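Asks: Residue numbers (our numbering): 41 to 335. All C-beta atoms in this analysis are idealised placements derived from N, C-alpha and C, irrespective of residue type, glycine included. On a predicted model such as this, the values are computed, not experimentally measured, just so you know.
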Amino acid sequence: MDRNARVLVAGATGYLGRNIAVALHDAGFRVRALARDPRRLDPIRPACDEVFVGAATRPETLAGLCDDVDVVVSSVGLRTLRGKPTPEQVDLGANLNILARAREAGVGRFLFVSVLHAAELAERVPILRPREEFTHRLVDSGLTWTVLRPTGAFNDMAEIFRLAARGAGMVFGDGRYRINPVHPRDIGDLVAESIRDSALVDQEFGFGGPDTYTAAEIVELAQRVLGRRRRPWHLPYWPVEALSAALRPINRNASGFLRFFCESLGRDMVGTPIGQRHLVDYFAALAAGTDTGSR
Numbered sequence: 041m042d043r044n045a046r047v048l049v050a051g052a053t054g055y056l057g058r059n060i061a062v063a064l065h066d067a068g069f070r071v072r073a074l075a076r077d078p079r080r081l082d083p084i085r086p087a088c089d090e091v092f093v094g095a096a097t098r099p100e101t102l103a104g105l106c107d108d109v110d111v112v113v114s115s116v117g118l119r120t121l122r123g124k125p126t127p128e129q130v131d132l133g134a135n136l137n138i139l140a141r142a143r144e145a146g147v148g149r150f151l152f153v154s155v156l157h158a159a160e161l162a163e164r165v166p167i168l169r170p171r172e173e174f175t176h177r178l179v180d181s182g183l184t185w186t187v188l189r190p191t192g193a194f195n196d197m198a199e200i201f202r203l204a205a206r207g208a209g210m211v212f213g214d215g216r217y218r219i220n221p222v223h224p225r226d227i228g229d230l231v232a233e234s235i236r237d238s239a240l241v242d243q244e245f246g247f248g249g250p251d252t253y254t255a256a257e258i259v260e261l262a263q264r265v266l267g268r269r270r271r272p273w274h275l276p277y278w279p280v281e282a283l284s285a286a287l288r289p290i291n292r293n294a295s296g297f298l299r300f301f302c303e304s305l306g307r308d309m310v311g312t313p314i315g316q317r318h319l320v321d322y323f324a325a326l327a328a329g330t331d332t333g334s335r
């Protein structure tokens, strides 16, 4: 595809979406960023050729969103532990609103960023079901599509580092399950490459970063970067599972994220390795304060 193609980035105010927007800009694409509050794009404003002000959950604000757009990339997804909005409103509803605008405008391709093994995990993790439902709707939409399924982004590991920095290096279970987390910028580079080379058309792709660790090794890596040698504690899953169950009638979002946390840590999450950025360097940047790991 032409390097000057216009790409809409939905979710551009999030940590992952910002990295995708910058990667697309650096690859020569014209970036249109969707934002409810344009001020949240300030850190990446030079990478945004256009800003469309609107809320993905409010279809009345999206008229013209995809006009003259060649490709849509969405990383829109629920990120709050508050009770509202719900995953049905965000992961399904907001993405369906964007998809509808893309179809109206005759967009050529739609790339969606989901989660590795989400189809299997959704059987036990209700919070993932709306996201998987959107995946099915996208595949059946008639648009050329791609679903990218990363294992987990480096910023998802930031809390492990922060706990280790506070002297609370914790490993859930026996820490033997493996993951190869990936830098959000490497996800962005994959998006750009997929568009430029027309790769992964009408395909799903599960992937991770270049280095694979057990959960225990990630905690040990954080402690090594911090210059500490404390033995991490091993916490069983059941207290988190019990908390998830207790929260379910009160706050489905918090309960759902805890359930996802337990299920994803209780299995291997290893995808095809891509990229060239390493978790040890990300932890070093957190220690130096040059990356906040903010979502």
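Please go through the segment 130-191 and give each complete alpha helix (DSSP H) segment of 4 or more residues, from N-terminal end onward.
Replies: If we require 4 residues or more, the alpha helix (DSSP H) runs fully inside the segment 130-191 come out as 135-145, 158-161, 169-179.
Asks: To the nearest angstrom, how far is it from the Cα of ARG149 to the Cα of ARG46?
Replies: In a straight line, the C-alpha of ARG149 is about 11 Å away from that of ARG46.
Asks: Taking DSSP's pairing of strands, which residues face MET197 in a bridge?
Replies: Answer is none; MET197 lacks a bridge partner.
Asks: So if DSSP puts SER234 in a beta bridge, which residue, or which two residues, is it bridged to?
Replies: BP columns for SER234 are empty, so no partner.
Asks: Taking the alpha carbon of PRO86 as the reference point, which residue from HIS65, VAL241, SER154 has its own alpha carbon closest?
Replies: Measuring from the Cα of PRO86, the nearest candidate turns out to be HIS65.
Asks: Quick one: grab the DSSP three-state call for SER115.
Replies: In this structure, SER115 counts as coil in the three-state DSSP scheme.
Asks: Does LEU56 come out as helix, strand or coil in the three-state DSSP assignment?
Replies: Here LEU56 sits in helix by DSSP.
Asks: Three-state secondary structure (DSSP) at ILE219?
Replies: Three-state result, ILE219: strand.
Asks: Just the Cα atoms here: how many angstroms apart are LEU139 and LEU178?
Replies: Approximately 8 Å between the Cα atoms of the pair.
Asks: With a cut-off of 8 Å, do at least 3 Cβ pairs link the segment 272-287 to the segment 174-189?
Replies: Contact fails: fewer than three Cβ-Cβ distances are below 8 Å.
Asks: With DSSP as the reference, label ILE84 as helix, strand or coil.
Replies: DSSP places ILE84 in helix when its eight states are reduced to three.
Asks: How big is the Cα-Cα spacing for THR312 and PRO221?
Replies: Their Cα atoms are separated by approximately 11 Å.
Asks: Taking the straight line between their C-alpha atoms, what separation do you get for GLU257 and ALA145?
Replies: C-alpha separation (whole angstroms): 48 Å.
Asks: Which of the three DSSP states, helix, strand or coil, is assigned to PRO274?
Replies: Strictly speaking, residue 274 in this sequence is His, with Pro absent from that position. Reduced to three states, the DSSP call for HIS274 is strand.
Asks: Measure from the alpha carbon of ASN135 to the alpha carbon of each residue in VAL49, PHE301, PHE245, then state which is nearest.
Replies: That would be VAL49, whose Cα lies nearest to the Cα of ASN135.
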